[in-house]
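2 protein chains.
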Amino acid sequence: MQVTIKDVAKAAGVSPSTVSRVISNHPRISRKTVAKVKSIMEELGYHQNMMARSLVSKTTRTIGMILPRSAEELFLNFFFPESIRGIVTQSTRSGYDLMMTSGASEHEELEAILRLVRGRRVDGIILLSSRVHDPLISFLHAQKFPFILIGRSPEYPDILSIDNDNIQASYDATRHLISLGHERIGFVSGPSHLVVSQDRLVGYKKALADYNLALNPRWIVEGEFLQESGYHAMSLIMNLPQRPTALVIIDDIVAFGVLRGLSELGYSVPHDISIISFNNIALSELTNPPLSSIDIGIYQMGYTASNLLIQSIEEQQPEQNRIIIPHRLVTRESTKRLT
Amino acid sequence: MQVTIKDVAKAAGVSPSTVSRVISNHPRISRKTVAKVKSIMEELGYHQNMMARSLVSKTTRTIGMILPRSAEELFLNFFFPESIRGIVTQSTRSGYDLMMTSGASEHEELEAILRLVRGRRVDGIILLSSRVHDPLISFLHAQKFPFILIGRSPEYPDILSIDNDNIQASYDATRHLISLGHERIGFVSGPSHLVVSQDRLVGYKKALADYNLALNPRWIVEGEFLQESGYHAMSLIMNLPQRPTALVIIDDIVAFGVLRGLSELGYSVPHDISIISFNNIALSELTNPPLSSIDIGIYQMGYTASNLLIQSIEEQQPEQNRIIIPHRLVTRESTKRLT
DNA sequence: CCATCTAGTGCAAACGTTTACGCTTTTGAC
DNA sequence: GTCAAAAGCGTAAACGTTTGCACTAGATGG
């Protein structure tokens, strides 16, 4: 039924091993044999059986990824989709495929990783994690299995990882507001168990400190990466006796909620209050007003992650273990000079 | 190095075949042996080598999917991300993993499919296609390889496929406008080589005809699934001597551009013109004004597609080859009664 | 002219499973 | 107590590759 290497060998009048060597272009096969075998392969429509190949070579030319439980949030702000786009594009280019699986609970996630790793289904894994403590990282690290983290792990600072500099990005966002004359600046954050939330908060505080501005703890509100959180945050912040004139917001999606909240409370952006957020998703320029945002290059992170992981699988030690993708401040109409 | 079935067999004092039978819970193994073997597996940390298993069983417990070339567009309107979410969630639940690959050109796409199919890497394929003519469908159909189409193929109406009823959905959207008293209704379409564009146009025309409303060809503008298209369409339509009072728009993203275009031209939605679109992505309720939209249940389509495909892989013929996911009209502030 | 080297290829084992077939032991009916 | 059927398990072949080793023939060097 299936055309095997033996069929090709027979038709070409050579041994299976020769055919195999042609496939993996071994140097010691004569030009003539190579040509002959290749033409027969073409003729018979031969394709390598990856399972058999993987079984003996112990390599799959596949990288794995697990769809996180907080999937809905990560899809909304395009973090996951954009990462996937970058990863699939790059890995295909390097001759690898991407294997995706998911787990409904933390335990199931670990089970899934185990299946991939111990079942020899993948050669490496891309982890998308922003949790301060992530058991998947611990596991993979202990196994010495090739993997790369998109994000940052405070527990394992030296593992192969790719990220943007969230502290600096947040610093820049805050400084942008400061440069526009704002002195009362609030922060709408994400869940505090996420590294990204912590880092952006740090950058924000650092900027305030550097420019000798007061930090008002009531202007810092924690929520989820959902627009409802932004919406709700406004009812908290804007009902305070003293209100900020500008806000740094953890995520564009949250900013959308902030916009809605402000509009319902009768505030106009940027006239009454300036806002800036992170991710610069495609829809950020379509809001009213268009959002100033920090572009963190998600697609590029995915692309580079795949590239680095494959390098490390193929034993070419990348020069550095931690790559930082530069961010970019995109100013639109949601931030304006304080008058 | 790796714990194999033989190691388990040795430790349990049984033969490898018995261990194998325990794994696939064969009925003819005694309770006692099962318990014994299982505990040993646990103890040694045994995990099945999928490659070896696949090699002999000729099944991979993996489904394949190829990331289309028009990826960026499909990601923007969440079609692809939401499908993936549904697919991965369901397939994991059924014990399958998802394998993703891509192709930069049509030729590369076919090569990718060939790798997956002939290389025995997957048991079935999910195709996301809306093209009128798709060579991938022809290929898979000719190969009699299990696959399911998310979308509709006019060339192969009887293949396993899942879709929403775009004609009826568009009919309903149009009728919604008609029921609000609108009589001059335009249509902003997508690329005409896509089935979805054609179908929605048909539904729109059908509604107009059923309610004896005039069809003005100048109110039908074709574009891409990009907001620029919607933006550009407005400069065409709204500069006509006679303008529509309502628009049906092929996609939420396009509608975002329409909103921007209208606002720049000085028209207010829904006061001057009502608009309704398709997909009901999460951001549709965040625009100004919030968009009326037809929810076509993309996540559910992905989920069901995976389910059906796996059923058909496992030889349980699904009762019907073509499943229609019901759509849902979601009315928000962008459509209002004509005064 | 012999020894050595190299290019080119084949042989056979190995990778870790599954499964058809067959053998023993137990069970149950009469 | 006999015999057939069923239960429980092992043997060995097979799946389609890769790869270490060995072999041949010609080339090269002294």
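Chains as they are written, first to last, in full-length UniProt numbering: chain A, 1 to 339; chain B, 1 to 339. C-beta atoms are modelled at their ideal positions from N, C-alpha and C, and glycine is treated no differently. Computed from a predicted structure; not experimentally measured.
Any beta-carbon of chain B closer than 8 Å to the one on Ser54/A? yes
Mapping DSSP to helix, strand and coil, what is Arg115/A? helix
Using DSSP bridges, identify the partner residues of Ser102/A. BP columns for Ser102/A point to Leu67/A.
Tell whether a beta-carbon distance below 8 Å holds between Ser277/B and Asp252/B. yes
Taking Val88/B as the query, report the chain A residues whose CB atoms sit under 8 Å from its CB, ordered along the chain. Leu67, Met100, Thr101 and Ser102
For Gln227/B, go through chain A and note every residue whose CB falls closer than 7 Å to its CB, in chain order. Leu286
Which residues of the UniProt domain "HTH lacI-type" (3-57) of chain A have a Cβ closer than 7 Å to any Cβ of chain B? Give them in chain order. His47, Gln48, Asn49, Met50, Met51, Ala52, Ser54 and Leu55
Going by C-alpha distance, which of Ser292/B, Glu111/B, Arg120/B and Leu329/B is nearest Ile66/B? Glu111/B
For the alpha helix (DSSP H) holding Phe79/A, just list the boundary residues, first then last. From DSSP, the alpha helix (DSSP H) with Phe79/A extends over Phe79 to Arg93.
Can you check the stretch 194-270 of chain A for any beta strand (DSSP E) of at least 3 residues that lies completely inside it and give the ranges in chain order? 220-222 and 246-249
Where the alpha helix (DSSP H) containing Gly302/A begins and where it ends: Ile298 to Ile313
Closer than 8 Å to chain B by CB, Ala142/A: no
What residues match up with Val188/B in a beta bridge as DSSP calls it? Val221/B and Ile249/B
Contacts of Arg118/A in chain B (Cβ-Cβ under 9 Å): Gln2, Val3, Gly45, Tyr46, His47, Gln48 and Asn49
If you pair each beta-carbon of the stretch 77-86 of chain B with each one of the stretch 26-45 of chain B, do three or more pairs fall below 8 Å? no
In the DSSP assignment, the beta strand (DSSP E) including Ser334/A goes from what residue to what residue? No beta strand (DSSP E) contains Ser334/A, which DSSP labels as neither H nor E.
Ala305/B versus chain A: which residues are under 8 Å apart at the beta carbon? Taking the beta carbon of Ala305/B as reference, no residue of chain A falls within 8 Å; the closest one sits roughly 15 Å away.
Take the Cβ of Gly95/A as the centre, count every other Cβ of all protein chains shown within 10 Å, and call the residue buried at 16 or more, exposed below. exposed
For Ser161/B, does the three-state DSSP call read helix, strand or coil? Note: Ser161/B maps to strand in three-state DSSP.
Between the stretch 169-179 of chain A and the stretch 193-208 of chain A, do at least 3 Cβ pairs fall closer than 8 Å? These segments touch.
Assuming Ile126/A contacts Ile150/A under a Cβ cut-off of 8 Å, what Cβ separation, rounded to an integer in Å, is found between them? Contact holds; Cβ gap of about 7 Å.
Is Leu240/A buried or exposed, if buried means 16 or more other CB atoms sit within 10 Å of its CB? exposed
Collapsed DSSP secondary structure at Ser179/B in the structure displayed: helix
Whose Cβ in chain B lies nearer than 7 Å to the Cβ of Ala71/A? Arg85
Report yes or no: is there a C-beta of chain B within less than 8 Å of the C-beta of Phe139/A? no
Who are the Cβ neighbours of Glu73/A in its own chain at under 7 Å, not counting the five residues just before and after it? Glu224, Phe225 and Leu226
Should Arg212/A go down as buried or exposed, given a rule of 16 or more other Cβ atoms within 10 Å for buried? Going by the sequence as given, residue 212/A is Asn instead of Arg. Exposed, because fewer than 16 other Cβ atoms sit within 10 Å of the Cβ of Asn212/A.
Output yes if chain A places a C-beta closer than 8 Å to the C-beta of Pro81/B; else output no. Chain A contact via Cβ: present.
Please compile the residues from chain B whose C-beta is within a distance smaller than 7 Å of the C-beta of Asp272/A. Within chain B, no residue comes near Asp272/A; the closest Cβ sits about 16 Å away, beyond 7 Å.
Just to confirm my understanding: we take Ser268/B, look at its own chain, exclude 5 residues before and 5 after, and list those with CB closer than 8 Å. What are they? Leu262
Which whole-angstrom value describes the C-beta separation of Ile313/A and Pro146/A, a residue pair presumed to lie in contact below a C-beta threshold of 8 Å? 5 Å
So, at 8 Å on beta carbons, what are the nonlocal neighbours of His327/B in its own chain, with the 5 sequence-adjacent residues on each side left out? So the list reads Asn164, Asp165, Gln168, Ala169, Asp172, Ile294, Asp295, Ile296 and Gly297, once near-sequence residues are dropped.
I'd like to know if Thr331/A contacts chain B, where contact means its C-beta is closer than 8 Å to some C-beta of that chain. no
Are the C-beta atoms of residue 359/B and some chain A residue less than 8 Å apart? Because chain B spans 1 through 339 in this model, residue 359/B falls outside it and cannot be assessed.
Sequence-distant residues of the same chain with beta carbon closer than 7 Å to Val14/B, five excluded per side: Thr33 and Val37
With a threshold of 8 Å on Cβ separation, who are the neighbours of Arg115/B within its own chain once the five nearest residues in sequence on each side are excluded? Cβ within range, chain order: Thr101 and Arg121.
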